[in-house]
Structures are given as structure tokens and as C-alpha cells.
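So for the sequence shown, the working numbering puts the first residue at 12; every next one is plus one.
Positions of the beta carbon are idealized from the N, C-alpha and C atoms, including for glycine.
Being a predicted model, the structure only gives us computed values, none of them experimental.
So the structure is just underneath, and the comments pick up after that.
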Amino acid sequence: MKQAKAFEILSAYAQSQNALVVSDIGSQSLWLKAAGDRDENLYLSGPMGMASSVALGVAMANKDRLVIAACGDGALGMNMTSLATISHAKPSNLIVVVLDNGIYEFTNSLPVPALGVDWSKISETYTGFESTVDLGEIEQLDTKNGPHFVHAPIEGGELPPGPGVHPVDVHHRFKKLLSAHNVKNSTKQQC
12 MKQAKAFEIL
22 SAYAQSQNAL
32 VVSDIGSQSL
42 WLKAAGDRDE
52 NLYLSGPMGM
62 ASSVALGVAM
72 ANKDRLVIAA
82 CGDGALGMNM
92 TSLATISHAK
102 PSNLIVVVLD
112 NGIYEFTNSL
122 PVPALGVDWS
132 KISETYTGFE
142 STVDLGEIEQ
152 LDTKNGPHFV
162 HAPIEGGELP
172 PGPGVHPVDV
182 HHRFKKLLSA
192 HNVKNSTKQQ
202 C
């Protein structure tokens with residue numbers, strides 16, 4: 012599957028679920044932005060491999076919202092311990108999506124060390140994940156009973172379109188969105 016198509020599917024699903032999406036630095040953020048920039052998207056900058064960890068924190072702090080981590084295979088390979096932490100914490104509102112093209116897109120398409128890893132089998136070894144599916148089956152997930160792992164095999168070698176969003180702007184708009192959401196929820200609880 013082409014990357015643009017994978018991100019169209021992921022973005023449409025996120026919008027239909029009003030989900031918060033945390034994407035790894037690099038091509039995942041640019042492809043997600045191109046598929047549909049929204050305030051609910053948090054495009055990470057800085058160290059690779061942190062989308063799954065940050066998404067776990069966002070999911071635990073926002074238990075009433077579905078949270079999706081969009082991870083590249085190379086990035087997730089740098090932080091596989093996050094899968095153990097997610098498995099242990101068992102946030103019911105988290106979906107980890109690994110976009111698997113076997114290369115580091117931004118570094119001249121160098122092969123990732125995790126080339127040939129069977130991501131579905133990796134996720135199944137962590138007993139806390141409720142299910143492991145391919146991207147085409149994402150609509151079938153029970154979003155109230157997670158966490159879930161989604162494997163998305165994609166074609167590599169195609170650079171994402173356009174420039175990204177400035178990290179400070181992303182931080183401010185995501186923080187504003189969560190603050191407004193939390194104020195609304197605390198008002199409901201007081202009534």
C-alpha cells in the first residue's frame with residue numbers, strides 16, 4: 012500500500028472516532044499532516060521512537076478519548092520497551108499503529124535494523140494487547156477494549172509532501188485543545 016493511502020485511511024478513521032493522534036518525528040508527521048491536519052494531531056519533534064510513549068501518557072490522561080500512536084517501524088524499533096509498558100498499563104483507549112516500510116525515509120532510505128521483524132508476532136508476545144490487526148481491519152476494533160496494535164505494511168521510497176508545522180505551534184494548539192476538553196469535562200462532573 013502507498014503511504015499516502017495508508018495515512019488517508021488512518022486519518023479518516025481518527026476523524027470518525029474524534030481520536031487524538033500522536034505521530035513520530037519525520038515522515039509519519041508529514042504524511043499525517045498531508046492526509047488531514049487537525050488540532051487533534053500531535054506531531055512530535057526531537058527524538059525518534061517516542062510516539063508510543065507520548066501516546067500512552069495522553070491516553071492515560073484522557074481516558075474518555077481514543078488515542079492513536081502513528082509509529083514508523085524504524086522509530087518503534089528504537090523504543091520497543093514502550094510496548095511492554097503499554098502492555099502492562101493496558102490503556103483501553105490506545106491504538107498503536109506501526110507503519111512498516113523497512114527503511115528510514117528521511118535518511119536516504121537506509122534499511123532499518125528491524126528489517127524483517129514480524130510486527131504482528133512482536134505485539135502478540137505482549138499479553139496486554141487485546142488484538143493485533145492489519146490497517147485494513149482498523150474499523151473492526153472495539154475502541155472501548157484496548158489497547159490494540161495495528162500493522163500497516165507500506166511501500167517506501169516516496170518522500171512526504173510539504174513542510175511540517177512548527178513544533179511550538181503544534182504544542183500550543185494541542186495543549187489548548189486538551190485544556191478546553193478537560194474544562195468541559197470538569198464542568199460536566201460538577202453538575
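- In the displayed model, residue 128 falls within coil according to three-state DSSP, outside both helix and strand.
- Residue 18 sits in a helix when the DSSP states are folded into three classes.
- Within its own chain, the residues whose Cβ lies closer than 7 angstroms to the Cβ of residue 137, once the five positions on either side in sequence are excluded, are 94, 95 and 98, listed in chain order.
- Across the structure, residue 69 and residue 78 are spaced so that their CA atoms are roughly 7 angstroms apart.
- Counting the other Cβ atoms within 10 Å of the Cβ of residue 34 gives 16 or more, which makes it buried.
- Under DSSP, the beta-bridge partners assigned to residue 54 are 34.
- For residue 79, the enclosing beta strand (DSSP E) covers residues 78–83.
- From the listed residues 75, 157 and 171, the smallest Cα separation to residue 18 is found for 171.
- Residue state for residue 170 is assigned as coil, using DSSP reduced to three classes.
- By the C-beta criterion, the segment 178–187 is judged not to be in contact with the segment 129–136, since fewer than 3 inter-stretch pairs fall below 8 angstroms.
- Sequence-distant Cβ neighbours of residue 157 in its own chain, meaning closer than 7 angstroms and more than five residues away, are 102, 103, 104, 105, 106 and 141.
- Nearest to residue 29 by C-alpha distance, out of 124, 63, 46 and 52, is 52.
- If you draw a straight line from the Cα of residue 179 to the Cα of residue 111, it is about 28 angstroms long.
- Residue 161 places its beta carbon 8 angstroms or farther from that of residue 151.
- Apart from sequence neighbours up to five positions away, the residues of its chain that approach residue 135 with a beta-carbon distance below 7 angstroms are 143, ordered along the chain.
- Separation of residue 64 and residue 91 (C-alpha to C-alpha, rounded to the nearest whole angstrom) is 10 angstroms.
- Contact check for residue 21 against residue 109 fails: the beta carbons are separated by 8 angstroms or more.
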